[in-house]
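One structure is given below, encoded as structure tokens.
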Amino acid sequence: MKPKVLISQKIFDEVLTILKEQFDVDGNPLEVPLPPVQLRERLKDKEGAIILLTDRIDEELLTHCPKLRILSNVAVGYNNIDVEACSRRGIMVTNTPGVLDDTTADFTWALLLATARRIVEADRFLRSQKWSGWKLMEFLGFDVHHKTLGICGLGRIGQRVARRAKGFEMRTLYTDIRRVPPHLEEELDAHFVEKRELLQESDFITLHLPLYPQTLHYISEEELKLMKNTAILINASRGPIVDEKALVRALKEGRIAGAGLDVYEREPEVEPELLGMENVVLAPHIASASRETRLKMAMMAAENLMAGLRGKRPPNLVNDEVWK
Ligand code: GLV
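Residues are numbered in the numbering used here as their position in the sequence shown, beginning at 1, plus a constant of 776.
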């Protein structure tokens, strides 16, 4: 008998076909998460599942899933899963690191450039047929080249962002819980500073941290106060890393100049006041959303699931302790 697996939301056909060859698949054909009660019901008799970052897996749900052996998340971040609770039950958790680094870094730059050069606002202006011709002082934005970029979190994605900054001839600062090796600092031309200095010095601050209890509201009132009033904040990591209400206040009071956001504290809700601000660019959590990358992520999740259910160590196991 084939192992029973759940695919919690719509997935690429190519991936679905492979999974159907190996498993008894219970799939959700919709691109909307199953309501918690349904998710629980459908996971009850499954040995494995492919889930997305909008599916919440908590301890309570796991108590209803005695057969579950692996949860394969289609995302690099896995803050939607109570990993400790999974480990206690011997359930493997996997993610999809690496394949999205360049795509996410590209998008970070798209957000940064769009915010600095007011591209979305200008597009709205032109479409509303308000443009009457070239003006010397219309849509003045901020230069990006030769400015100071502050990267919070120089992990895989942060490093790709730094690499791209060299093309803009920027001064790159970074802060993290630990320094990267000297040869990497040299290669990326990235200078380690403490968080306070980075916030005070940078023209653009971009966040590339995982969401942990320690990084919740990493940017809040106090941090926003340290930033220049010409600074632009970019977040393509996880929403709760920024205190969204504090950000709204800082933007309203002109304490910082703008923000480019791909993620929000209470997705899919967005602080209503952000929607009315011209100096923010808002994207619906799409930093890794290129055709190539999202397909790779889904394929990688399928490979993790297949390995785990065949009794092999999944290539991207997050909770190593269940394997020992
Ligand atoms: C997307 O946000 C991811 O974590 O992969």
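A virtual CB, placed ideally from N, CA and C, is assigned to each residue, including glycine.
Asked: Under 6 angstroms: does the beta carbon of Ser978 sit that close to some heavy atom of ligand 1?; Found: no
Asked: Give me the Cβ distance between Ser848 and Ile833, rounded to the nearest whole Å; I'm assuming they're in contact under 8 angstroms.; Found: With a Cβ gap of about 11 angstroms, Ser848 and Ile833 do not count as contacting.
Asked: Could you tell me which of Leu829, Pro986 and Asp1096 sits nearest to Ile953, measuring between CA atoms?; Found: Pro986
Asked: Does Trp885 pass the burial test, meaning 16 or more other C-beta atoms within 10 Å, or should it be called exposed?; Found: buried
Asked: With burial defined as no fewer than 16 other Cβ atoms inside 10 Å of the residue's Cβ, what is the status of Lys942: buried or exposed?; Found: exposed
Asked: State whether the stretch 923-932 contacts the stretch 977-984, with contact taken as three or more CB pairs (one from each stretch) at a distance under 8 angstroms.; Found: yes
Asked: May I ask you to verify whether the stretch 1008-1020 touches the stretch 954-971, counting CB pairs closer than 8 angstroms and requiring at least 3?; Found: no
Asked: Regarding Ala1026 and ligand 1, is the C-beta to nearest heavy atom distance less than 6 angstroms?; Found: no
Asked: If Gly917 and Arg894 are in contact, beta carbons under 8 angstroms, what's the gap, nearest whole angstrom?; Found: 5 angstroms
Asked: The alpha helix (DSSP H) with His959 in it runs from where to where?; Found: Pro958 to Leu964
Asked: State the start and end residues of the unbroken beta strand (DSSP E) segment that holds Ala825.; Found: Gly824 to Ile827
Asked: Grouping DSSP H, G and I as helix and E and B as strand, with all else coil, what is Thr948?; Found: strand
Asked: Quick check on Gly874: does DSSP put it in helix, strand or coil?; Found: coil
Asked: Does DSSP classify Ser863 as helix, strand or coil?; Found: helix
Asked: What's the call for Pro1090, buried or exposed, on a 16-neighbour Cβ count within 10 Å?; Found: buried
Asked: Could you give the DSSP three-state label for Ala1035: helix, strand or coil?; Found: strand
Asked: Hey, Val869 and Asn1095: beta-carbon distance below 7 angstroms or not?; Found: yes
Asked: Could you spell out the range, first to last residue, of the beta strand (DSSP E) harbouring Asp979?; Found: No beta strand (DSSP E) contains Asp979, which DSSP labels as neither H nor E.
Asked: Please state the DSSP three-state secondary structure of Glu1045.; Found: strand
Asked: Does DSSP classify Val896 as helix, strand or coil?; Found: helix
Asked: Thinking Leu810 and Arg818 are a contact (beta carbons under 8 angstroms), I'd like their distance in whole angstroms, please.; Found: 7 angstroms
Asked: Cβ of Ala1059 within 6 angstroms of any heavy atom in ligand 1?; Found: no
Asked: Regarding Ser1064 and ligand 2, is the C-beta to nearest heavy atom distance less than 6 angstroms?; Found: Of the ligands one can find in the structure shown, namely ligand 1, none is ligand 2.
Asked: List, from N- to C-terminal side, the beta strand (DSSP E) runs of 3 residues or more that fit wholly inside the stretch 778-829.; Found: 780-783, 800-803 and 824-827
Asked: Which runs of the alpha helix (DSSP H), 4 residues or longer, sit entirely within the stretch 1000-1030?; Found: 1020-1028
Asked: Can you check which of these residues, Leu838, Lys778 and Val859, is closest to Asn871 by C-alpha distance?; Found: Val859
Asked: Identify whether Asn1080 lies in helix, strand or coil by the three-state DSSP scheme.; Found: helix
Asked: If you draw a straight line from the C-alpha of Ile783 to the C-alpha of Pro1016, how long is it?; Found: 27 angstroms
Asked: So what does Thr1167 bridge to, in DSSP terms?; Found: Outside the shown range of the chain (777 to 1100) lies residue 1167, about which nothing can therefore be said.
Asked: Consider the C-beta atom of Gly853 and the heavy atoms of ligand 1; say whether any pair is separated by less than 6 angstroms.; Found: yes
Asked: Starting from Leu1108 and walking both ways along the alpha helix (DSSP H), at which residues does that stretch end?; Found: Nothing can be reported for residue 1108, as the shown portion of the chain is limited to 777 through 1100.
Asked: CB-CB under 6 angstroms to Ser863, same chain, minus the five flanking residues each way: which ones, in chain order?; Found: Asn1095, Glu1097 and Val1098
Asked: Buried or exposed for Val852, please, with buried defined as at least 16 other CB atoms from any protein chain shown within 10 angstroms of its CB.; Found: buried
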